[in-house]
Amino acid sequence: MVKIAIRQLLFAMFQYLGVNTVCRYLNRNKAAILYYHGVCSNQKDADKAPPLEIPEHILQTHLTWLTRMGYTYISLSNLVQRLKQGQPVGRHVAITFDDGFHSVVETAYDYLHREQAYGCCYVVADRAESAQQTPDEMNQSGRDNGVPYSIRTASWDELLSMKSETMELGSHTKTHPNCTSVIDDALLVDEIVGSRREIEKNTGRNVSHFCYPNGDYSHRITSQVRTAGYDSAVTTRHGLVAQGVDVFALPRIIARPEPLFFAAEMSGVYEILIDRNRRAINRMLELFSL
């Protein structure tokens, strides 16, 4: 609790002393890729769900703030195209959702469509396949027991109900493994290539973007993703997106629910703090190793 209180006080100081404003200006040529998981209708469900599951009013707050601050929504495909062609990306925002939860279809999609924003939903192929079960089948298999409705995986039919102009579909592998732990090359190819094939077969849509499960990747993994023909891949590495970035290791911004924290992330202040803390920790480790 003390740590949270100190963090909130720090971010409040950044906001009211104009630090966020200065950093937003300094980072005006950078874009942001936000990432969420699911969106629920109330805080009670959010408390029972995995991290990054947020109440829908928080999503609306984020979108309202982004519009008020003059950011431009852009699809991930268009952002990646701009990065590859060296075109300006400053103050553009792309939105992503990991794991393909039903709440993205039922709730988040409507918010994005209403605000004329764009998203990319990263689907775990085998989970979408199993989500084709009927409610009775779900009860019998145990998938329905104690699982908040908002974090159940969307089925193929549900994913197809979202217009591609608003929500693109990307791959989050077949089974959501830590790819760096998949030693067998054939299994790795199946996770990366097979997932894309399954999503395209079941939705009839092109799948051009990949998301590393848990954000774990290596040169071997990125090479496979490139070879598979994807246009980009996102990580969980925190940061804004600048020209010259590796589009197969794109950083993202965690869309945290606290307004002051979110503002600090979007300005780039939080990124500076992370880098400085990392350098301080590395320095301490060097001293202890002497």
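Numbering-wise, the sequence shown is residues 866 to 1155 according to the numbering used here.
For each residue, glycine too, the CB sits at the ideal point set by N, CA and C.
Leaving out five residues on either side along the sequence, give the residues of the same chain with a beta carbon under 8 Å from the beta carbon of residue i.
i: GLU1002; result: With a pLDDT of 49 at GLU1002, under the threshold of 50, the modelled position of that residue is not reliable, and the figure given next carries that caveat. The answer is none, since no qualifying residue turns up.
i: THR1100; result: TYR1077, GLY1080, TYR1082, ALA1114, LEU1115, PRO1116, ARG1117
i: PHE1127; result: HIS927, TRP930, ALA1120, ARG1121
i: ARG1102; result: GLY1080, ALA1114, PRO1116, ARG1117
i: GLU1123; result: GLN873, PHE876
i: ARG1091; result: PHE1113
i: LEU825; result: The requested residue 825 is not part of the displayed model; the chain covers only 866 to 1155.
i: SER906; result: PRO920, GLU921, THR972, SER1015
Which whole-angstrom value describes the C-beta separation of residue i and residue j, a residue pair presumed to lie in contact below a C-beta threshold of 8 Å?
i: VAL958; j: ARG947; result: Contact flag wrong, Cβ pair sits at about 13 Å.
i: ASP963; j: HIS902; result: 5 Å
i: TYR987; j: SER1020; result: With a Cβ gap of about 16 Å, TYR987 and SER1020 do not count as contacting.
i: CYS888; j: SER1060; result: Their Cβ separation, rounded to whole angstroms, is 37 Å, which puts CYS888 and SER1060 out of contact at 8 Å.
i: GLN984; j: ALA993; result: One detail in the question is off: residue 984 reads as Gly in this sequence, not Gln. GLY984 to ALA993, Cβ: 16 Å. No contact.
i: ASP1055; j: LYS1039; result: 7 Å
i: ILE1064; j: ALA1093; result: Incorrect: roughly 12 Å between the Cβ atoms, too far for contact.
i: THR961; j: ILE871; result: Rounded, the Cβ-Cβ distance is 30 Å, inconsistent with contact.
i: LEU924; j: TYR890; result: About 26 Å separates the two Cβ atoms, so there is no contact after all.
i: ALA1129; j: ASN885; result: 6 Å
With a 10 Å radius around its C-beta and 16 neighbouring C-beta atoms as the bar for buried, classify residue i as buried or exposed.
i: THR929; result: exposed
i: LEU1105; result: buried
i: ASN894; result: exposed
i: TYR1095; result: buried
i: GLN873; result: exposed
i: GLN1089; result: buried
i: TYR881; result: exposed
i: THR1018; result: buried
i: SER942; result: buried
i: THR937; result: exposed
i: GLY1007; result: In this predicted model, GLY1007 has a pLDDT of only 42, less than 50, meaning its place in the structure is not dependable; the value taken from the coordinates is given anyway. The residue is exposed, with fewer than 16 neighbouring Cβ atoms inside 10 Å.
i: LEU944; result: buried
i: HIS1041; result: buried
i: ASN1147; result: Model confidence at ASN1147 stands at a pLDDT of 47, short of 50, so the residue's coordinates are unreliable and nothing is read from them.
Considering Cα atoms alone, identify which of the options is closest to residue i.
i: THR846; options: VAL1112, SER1029, VAL945, PRO1122; result: In the structure as shown, the chain begins at 866 and stops at 1155. Residue 846 is therefore absent and cannot be evaluated.
i: VAL1110; options: ALA896, ARG933, ASP963; result: ALA896
i: LEU1115; options: GLY935, SER1088, ASN1079, SER1097; result: SER1097
i: TYR900; options: GLU918, ASN885, ARG889, ASP1022; result: GLU918
i: ILE1137; options: ILE869, ILE871, ALA870, PHE879; result: PHE879
i: TYR1135; options: ALA870, ILE871, ILE869, PHE876; result: PHE876
i: MET1032; options: VAL904, ALA982, THR932; result: ALA982
i: HIS1074; options: MET1027, SER1046, VAL989; result: VAL989
i: ALA996; options: ARG979, GLY965, HIS978, SER1026; result: GLY965
i: SER1026; options: ILE1086, LEU1125, HIS978, SER906; result: HIS978
i: THR1087; options: ASP991, THR1045, THR932; result: THR1045
Which same chain residues end up closer than 6 Å to residue i when comparing Cβ atoms and leaving out the 5 residues on each side of it in sequence?
i: ILE1048; result: none
i: ILE939; result: HIS957, ALA959
Within its chain, find whatever has a CB closer than 7 Å to the CB of residue i; leave out the 5 residues flanking it on each side and keep chain order.
i: ASN1043; result: PRO1078, ASN1079, ASP1081
i: ARG1070; result: SER1029, LEU1034
i: GLY951; result: GLN1108
i: GLU1023; result: HIS967, VAL970
i: ASN935; result: The identity of residue 935 in the sequence shown is Gly, whereas the question assumes Asn. The answer, listed in chain order, is ARG956.
i: LYS949; result: VAL1112
i: THR999; result: Reliability fails at THR999, whose pLDDT of 48 lies under 50, so the model's placement of it is uncertain and the value that follows must be treated cautiously. Nothing meets the Cβ criterion.
i: VAL1072; result: LEU1034, GLY1035, SER1036, ARG1061, ILE1064, GLU1065
Give, in chain order, every unbroken run of the alpha helix (DSSP H) that is at least 4 residues long and sits entirely within the region 891 to 945. 908 to 913, 921 to 933
For a minimum of 4 consecutive residues, which ranges assigned as the alpha helix (DSSP H) are wholly contained in the region 943 to 980? 974 to 980
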